[in-house]
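Asks: Below are the structure tokens for one structure; questions will follow.
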Amino acid sequence: MQLAIIIVLIVIIIFAYLVISGRKQRKEYKENIKLLTLENYKLIRDSPDIDGLSRYRIIHNENKLRFTRKNGYTLFWIEINKDEPHGIKLRGLDGYGIRDREFLKYTANLIRKIKYLPIV
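Start counting the sequence shown at 1; every next residue gets the next number (my numbering).
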């Protein structure tokens, strides 16, 4: 009987943890997606410090910024797209879209670094 109660308590604790962590991830995703705006796209495009802040090489194409590894492999890009709610679309090429959240988080952190970079 005690074993059954312990197992039920463990299951409840695990379930509660999953619910709480899922809410945290959704909140973080919503905050990151809000940063994909045309203004922030221009901020990344026009920033003179972007090469020092980004671990990827950023290739500027017309209406598109490609994030590539040093060997030239493109991981993802962000582009101007009027059909998207904020005017910007992030397209992940690595992992068939599975890593899009990771790329979104990376882009959002890059935008935060640029915005809060001390002006010298």
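Glycine included, each C-beta is placed from N, C-alpha and C at the ideal position.
Between Leu93 and Thr74, is the Cβ-Cβ spacing less than 7 Å?
Replies: yes
Asks: Quick one: residues in its chain with C-beta nearer than 6 Å to the C-beta of Ser136, no 5 flanking neighbours on either side, listed in chain order?
Replies: The question about residue 136 has no answer here: the residues shown for the chain are numbered 1 through 120.
Asks: Please name the residue, chosen from Glu84, Arg91 and Arg99, that lies closest to Lys34 on a Cα-to-Cα basis.
Replies: Glu84
Asks: Considering only the beta carbon of each residue, do Asn61 and Ile80 sit closer than 7 Å?
Replies: no
Asks: In terms of residues, what are the limits of the alpha helix (DSSP H) holding Asn32?
Replies: Gln2 to Lys34
Asks: Bridge partners for Thr74 per DSSP, in chain order?
Replies: Residue pairing by DSSP places Thr74 opposite Thr68 in a beta bridge.
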